[in-house]
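First up is the structure itself, then whatever we jot down about it.
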Amino acid sequence: MPENPLEAICITIGRISLSVQTNLSKLISISQKPPESINVKVSASASAPPTANSSVLATSSYLPQSTDLHTKQAGPVTREELGRATWTFIHTLGAQYPEKPTRQQKKDVKELMAIISRIYPCKECADHFKEVLRSNPVQPGSQAEFSQWLCRVHNVVNRSLGKPTFPCERVDARWGKLDCEHRMCDLQGSTTFFD
């Protein structure tokens with residue numbers, strides 16, 4: 005177990021980010037070579053934010069590429085891009101969620117959804133998500149239950165935006181487990197980091 009609990013979080017987010025970037029690059033046929041590894045330095049101080057190794061930040065594949073007309077130019081993220089990124093993160097979490105979660109993991113995922121509804125960078129979206137959560141309480145009993153709940157909630161949001169819904173029986177095919185060697189992407193831990 006890492007000495008600093010933020011280290012594990014940073015490493016996991018880095019791996020998810022790399023996986024998402026790699027898959028999106030394949031999807032839109034942009035040939036980018038992902039960095040060989042992601043190195044994260046975590047400050048010993050709980051108040052200091054973790055910083056990524058400068059080689060990761062300087063790698064051009066992490067910056068928008070203007071290789072064709074379909075690539076977004078650098079600039080502020082749009083509400084739609086934020087929404088897609090958030091759903092990607094949440095569905096990926098659902099895919100990695102354990103089949104037999106601990107009490108702490110169940111508590112954590114409920115709290116994460118509540119936190120998202122409070123601090124989401126789009127107030128209108130956050131307020132709507134609070135309403136959705138009130139009508140559809142988080143179901144964290146297992147990986148299958150949580151993934152299906154996420155799909156249903158995502159469909160509630162999609163319907164409110166006039167977007168098509170997703171067939172939840174296909175959620176595992178769309179948001180299956182990350183392809184990581186030696187199960188390195190599995191959600192770990194049964195206790196809290198802070199006592």
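Counting from 5, one number per residue, gives the positions in the sequence shown under the numbering used here.
Glycine included, every Cβ here is placed at the ideal spot set by N, Cα and C.
query	result
Helix, strand or coil at Lys181 according to DSSP, with G and I counted as helix	coil
Pro105 classed as buried or exposed, judged by whether at least 16 other C-beta atoms fall within 10 angstroms	buried
N-terminal and C-terminal residue of the alpha helix (DSSP H) that Asn140 is part of	That residue, Asn140, is in no alpha helix (DSSP H); it is neither H nor E in DSSP.
Option nearest Val160 by Cα separation, candidates Pro80, Glu85, Ala78 and Trp91	Trp91
Three CB pairs or more closer than 8 Å across the segment 99-113 and the segment 147-156	yes
Candidates Tyr124, Gly180 and Leu116: closest to Val142 by CA position	Leu116
Own chain residues within Cβ distance below 6 Å of Cys126, not counting five before or after	Arg83
Where the alpha helix (DSSP H) through Ala118 begins and ends	Arg107 to Ile123
Segment limits, alpha helix (DSSP H) that includes Arg88	Arg83 to Gln100
Secondary structure of Phe133, DSSP reduced to three states	helix
Own chain partners of Phe133 with C-beta closer than 6 Å, once the 5 adjacent residues on each side are dropped	Ser121
Span separating the alpha-carbon of Ala78 from that of Leu86	14 Å
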